[in-house]
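A.B. asks: Mind the numbering: the sequence shown is residues 1 to 591 in the working numbering, read in order.
Glycine residues also receive a C-beta, built at the ideal position from the N, C-alpha and C atoms.
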Amino acid sequence: MSNKVDAPEKGKDFIRQIIDKDNETGKYQGRVHTRFPPEPNGYLHIGHAKSICLNFGLARDYNGKCNLRFDDTNPVKEDVEYVDSIREDLRWLGFKWDDNFYASGYFDKLYYIAELFIKMGKAYVDHQSADEIRGNRGTLKEPGTNSPYRDRTIQENLDLFRAMRAGDLEDGTCILRGKIDMAAANFMLRDPALYRIKHAEHHRTGDTWCIYPMYDFTHGLSDAMEGITHSICTLEFENNRPLYDWCVNTLMEGLRQPELFGENATIYNELAALPGFNERPYQYEFARLNITGTVLSKRKLIQLVQEGYVSGWDDPRMPTISGFRRRGYTPESIRDFCERIGVAKSNSTVEFALLEHCVRQDLNERAPRYLGVMDPVKLVIENYPEDQVDEFTMPLHPEDESYGERAVPFSRELWMERADFMEDPPKKFFRMGVGREVRLRSAYYVTCTGFDKDADGNITKIRATYDPETKGGWSKDGRKIKGTMHWVSARHGIQAEIRNYSNLFTTENPNSVEEGKTFVDYVDPDSLEVLTNCWVEPALADMEPGTNFQFERTGYFCADTRDHQPGSKLVFNRTTTLRDSWAKIQKQMGK
Ligand code: ATP
Ligand code: MG
Numbered sequence: 001m002s003n004k005v006d007a008p009e010k011g012k013d014f015i016r017q018i019i020d021k022d023n024e025t026g027k028y029q030g031r032v033h034t035r036f037p038p039e040p041n042g043y044l045h046i047g048h049a050k051s052i053c054l055n056f057g058l059a060r061d062y063n064g065k066c067n068l069r070f071d072d073t074n075p076v077k078e079d080v081e082y083v084d085s086i087r088e089d090l091r092w093l094g095f096k097w098d099d100n101f102y103a104s105g106y107f108d109k110l111y112y113i114a115e116l117f118i119k120m121g122k123a124y125v126d127h128q129s130a131d132e133i134r135g136n137r138g139t140l141k142e143p144g145t146n147s148p149y150r151d152r153t154i155q156e157n158l159d160l161f162r163a164m165r166a167g168d169l170e171d172g173t174c175i176l177r178g179k180i181d182m183a184a185a186n187f188m189l190r191d192p193a194l195y196r197i198k199h200a201e202h203h204r205t206g207d208t209w210c211i212y213p214m215y216d217f218t219h220g221l222s223d224a225m226e227g228i229t230h231s232i233c234t235l236e237f238e239n240n241r242p243l244y245d246w247c248v249n250t251l252m253e254g255l256r257q258p259e260l261f262g263e264n265a266t267i268y269n270e271l272a273a274l275p276g277f278n279e280r281p282y283q284y285e286f287a288r289l290n291i292t293g294t295v296l297s298k299r300k301l302i303q304l305v306q307e308g309y310v311s312g313w314d315d316p317r318m319p320t321i322s323g324f325r326r327r328g329y330t331p332e333s334i335r336d337f338c339e340r341i342g343v344a345k346s347n348s349t350v351e352f353a354l355l356e357h358c359v360r361q362d363l364n365e366r367a368p369r370y371l372g373v374m375d376p377v378k379l380v381i382e383n384y385p386e387d388q389v390d391e392f393t394m395p396l397h398p399e400d401e402s403y404g405e406r407a408v409p410f411s412r413e414l415w416m417e418r419a420d421f422m423e424d425p426p427k428k429f430f431r432m433g434v435g436r437e438v439r440l441r442s443a444y445y446v447t448c449t450g451f452d453k454d455a456d457g458n459i460t461k462i463r464a465t466y467d468p469e470t471k472g473g474w475s476k477d478g479r480k481i482k483g484t485m486h487w488v489s490a491r492h493g494i495q496a497e498i499r500n501y502s503n504l505f506t507t508e509n510p511n512s513v514e515e516g517k518t519f520v521d522y523v524d525p526d527s528l529e530v531l532t533n534c535w536v537e538p539a540l541a542d543m544e545p546g547t548n549f550q551f552e553r554t555g556y557f558c559a560d561t562r563d564h565q566p567g568s569k570l571v572f573n574r575t576t577t578l579r580d581s582w583a584k585i586q587k588q589m590g591k
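1. Rounding to the nearest angstrom, what Cα-Cα distance links Leu235 and Gly220 in this structure?
2. Which same chain residues end up closer than 6 Å to Leu578 when comparing Cβ atoms and leaving out the 5 residues on each side of it in sequence?
3. Taking a contact to mean a Cβ-Cβ separation below 8 Å, would you say Phe352 touches Gly293 in this structure?
4. Starting from the C-beta of Gly227, find all residues in its chain whose C-beta is less than 7 Å away, skip the five residues before and the five after it, and write them out in chain order.
5. Please list the segments of the beta strand (DSSP E) lying wholly inside the segment 241-313, counting only runs of 3 or more residues, in order along the chain.
6. Would you list the residues whose beta-carbon is nearer than 5 Å to any heavy atom of the ligand ATP, in the order they occur in the chain?
7. Could you tell me which whole alpha helix (DSSP H) segments of length 4 or greater appear in the segment 38-98?
8. According to DSSP, is Asp323 helix, strand or coil?
9. Tell me whether Val310 is buried or exposed, calling it buried when 16 or more other Cβ atoms sit within 10 Å of its Cβ.
10. Is it true that the CB of Glu413 sits closer than 8 Å to the CB of Ala490?
11. Which residues does DSSP pair with Asn573 in a beta bridge?
12. In chain order, what are the residue ranges of uninterrupted alpha helix (DSSP H) at least 4 long that sit wholly in the segment 199-228?
13. Taking the alpha-carbon positions, what's the Tyr329 to Gly64 distance?
14. Could you tell me which residues DSSP pairs with Thr518 in its beta bridges?
15. Can you look up Met120 in the DSSP assignment and give me helix, strand or coil?
16. Please determine, among Asn278, Gly178, Asp168, Asn269, the residue with the shortest C-alpha to C-alpha distance to Trp246.
17. Tell me, to the nearest whole angstrom, how far the beta carbon of Lys77 is from that of Asn23; I am working on the premise that it is less than 8 Å.
18. Specify the secondary structure class of Ala166 as computed by DSSP and reduced to three states.
19. Quick check on the DSSP output: the beta strand (DSSP E) that includes His33 runs from which residue to which?
20. Terminal residues of the continuous alpha helix (DSSP H) containing Val359?
21. Along the chain, where does the alpha helix (DSSP H) containing Trp582 start, and where does it finish?
22. Taking 8 Å as the threshold (C-beta atoms), are Gly135 and Ala183 in contact?
23. Rank Val523, Asp362, Lys517, Tyr215 by C-alpha distance to the C-alpha of Gln550 and give the top, closest one.
24. Measure the beta-carbon distance from His202 to Pro37 and round it to whole angstroms, keeping in mind my assumption that it falls under 8 Å.
25. Please confirm whether Tyr445 and Arg439 have their CB atoms less than 8 Å apart.
26. Which of the three DSSP states is assigned to Asn136 in this structure?
27. Considering only DSSP beta bridges, list what Ser489 is partnered with.
28. Answer with buried or exposed for Gly450, where buried requires no fewer than 16 other C-beta atoms within 10 angstroms of its C-beta.
29. Could you please give the first and the last residue of the uninterrupted alpha helix (DSSP H) stretch that includes Glu332?
30. Any idea if Ala7 is buried or exposed, counting beta-carbon neighbours within 10 angstroms, 16 or more meaning buried?
31. Among the residues of its own chain, which have a CB less than 6 Å from the CB of Asn240, if the five just before and after it don't count?
32. Residues in the same chain with beta-carbon distance under 7 Å from Phe107, minus the five sequence neighbours each way, listed in chain order, please.
33. So the candidates are Val377, Asp375, Cys358, Thr393; which of them puts its Cα closest to the Cα of Arg369?
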């Protein structure tokens, strides 16, 4: 069969194997608790969908839990608009989080944990400039140089850290660093930054804070506070894992030293009681998703939006969840895609055609069928009475009767596709040419008798006669017809706008660019084609925005969620054509 691809991997991926092992040894008493931790600094893209399907999928398969946690420690780039969009996209994808937390909700606790680290002699305030810190970092071969502030007393560090918090110091004056090892082979352990001063308004905490915790400090500790068991992230965080472990282990060590708790004993005792500290979380890394022909980085996607290369985050050419949704992709097709690509430990690039294949398969099963003419030319049935109208009943789905049917009116003047006619057709052109007989879908057999042209040589009208004995689109005498064409009654049809999308980039890999160029230089200005003179059957008049359907012989479409207005202005986005390029790729590979 041409449209089959490999069945999803039946064997368990390496994360599930780890969980099985943990369950065997009783590490978390069978508990599985994951989290999806987006930073609200952009909209979710298809790469995030892979992480979502994995994290929420684990919770589902192991009867566990999955939290949504906004990793919002960088106030300058974050916004509630992104928080809202992420929640909407997750729901649309069909996932329900158990709890929704914010890293900013832990700012208090994180602050006291930092104080605890200071009291343990594991953190210090460094007054070196950013340049000095960089200069003293060392190289792959050379160890770094200890900061001259590294041996400050605990009291001095506490006072300085409290001054940082009090707002007395300007951005960049100093930072809090973990006191680990300036000679560590892993750079992440060469006294990493834990807290920095940033006088910036946070979208949730306002101006309560002027110091903000760094990602590495925040992440593992947030996982631990939530009782996360398996903390899954992408491969580029592999080097961060020892630091993740250091933060979690240092806290656990600190919580075993009540003499350090002082006046904040309540907070520390609360932390010590959390499951995360008896059964600490571990980080595992999997390969991030890359897809041919697009970029999956929020930094790049935000540039496309801000510089106007696309109409917004939900432009149907964007690889964002909202872009795919507006284009007509279904949640089922995206989940199917994520399942097929699986979870591995080495990076690779997936063909965009596979994603298209998934949506095509899903819509083939579920999308109702209609008739619409994209590039119209008039077809006049000369022997069909001027005032006659036939109504043909057509099923909405060829394989599923439960979809019902609709009536399609037929009259003397019809719209047909310009490409379905040739003046001088070769033998194998099974559509219309003078003297040839074709079937008009579910209506009649018609024979072309001639055509008209304007002064520029454009065909303006095609003429034909019909055989009344072929009503319904079949003939009693068993006459064979090779070609079937779609049509729309000119008198009854409705004008519609069709938006066709092709790849946003002119290259397969916009992540690797020629010298002197950036990825935006590869944006294809012709990737959106707007057809304003399309004619569609009347049954589409009241279609709701967001409805998926197929135009027979053309492709899958979706009523636009921004511009389509039922009853007045029809705007349809082409989700994908009917041609399955993934099947072709599979064939070429001999599968
Ligand atoms: P970007 O580079 O696009 O900004 P990010 O990793 O910074 O992505 P986050 O909001 O921090 O974005 O990501 C939330 C989660 O989604 C993280 O666990 C991250 O590892 C995962 N994720 C992000 N991009 C991908 C991808 N392309 N494939 C798989 N997982 C991804
Ligand atoms: Mg990030």
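C.D. replies: In terms of the structure at hand:
1. C-alpha separation (whole angstroms): 16 Å.
2. In the same chain as Leu578, and ignoring 5 residues on each side of it, the C-beta atoms closer than 6 Å to its own belong to Gly555, in chain order.
3. Yes. Within cutoff.
4. His33, Leu274, Pro275, Gly276, listed in sequence order.
5. If you keep only unbroken beta strand (DSSP E) runs of at least 3 residues inside the segment 241-313, you get 282-286, 289-291.
6. Here the list is Pro38, Glu39, Gly47, His48, Lys50, Ser51, Cys233, Thr234, Arg288, Leu289, Leu296, Ser297, Lys298.
7. Taking only runs of at least 4 residues, the alpha helix (DSSP H) segments lying wholly in the segment 38-98 are 46-61, 80-93.
8. Position check: residue 323 holds Gly in this sequence, whereas Asp was assumed. In this structure, DSSP gives Gly323 a helical state, which the three-state scheme calls helix.
9. Flag for Val310 reads buried.
10. Yes.
11. Bridge pairing for Asn573: Arg499, Cys558 [DSSP].
12. Whole alpha helix (DSSP H) segments, 4+ residues: 215-226.
13. The alpha-carbon atoms of Tyr329 and Gly64 are separated by roughly 29 Å.
14. Thr518 is not bridged to any residue.
15. Coil at Met120, not helix or strand.
16. Across the set Asn278, Gly178, Asp168, Asn269, the C-alpha of Gly178 shows the shortest separation from the C-alpha of Trp246.
17. Actually they do not touch by this definition, with Cβ atoms about 39 Å apart.
18. Under the three-state reduction of DSSP output, Ala166 falls in the helix class.
19. The continuous beta strand (DSSP E) containing His33 extends over residues 33-36.
20. Boundaries of the alpha helix (DSSP H) around Val359: 352-366.
21. Trp582 -> alpha helix (DSSP H) spans 581-588.
22. Their beta carbons are not under 8 Å apart, which means Ala183 does not touch Gly135 by this criterion.
23. The shortest C-alpha separation from Gln550 is found at Asp362.
24. For His202 against Pro37, the beta-carbon gap comes to about 17 Å, at or over 8 Å, which does not count as contact.
25. With respect to the 8 Å criterion, Tyr445 and Arg439 are classified as neighbours on the basis of their beta carbons.
26. Coil.
27. Per DSSP, Leu414.
28. By the neighbour-count rule (16 or more Cβ atoms within 10 Å), Gly450 is not buried but exposed.
29. Note, Glu332: alpha helix (DSSP H), 331-341.
30. Caution is warranted here: a pLDDT of 41 is assigned to Ala7, below 50, making its placement in the model unreliable, and the coordinate value is therefore given only provisionally. Exposed.
31. Correct list, in chain order: Met188, Asp216.
32. Excluding sequence neighbours, Phe107 sits near Thr205, Trp209.
33. For the residues Val377, Asp375, Cys358, Thr393, the minimum Cα distance to Arg369 belongs to Thr393.
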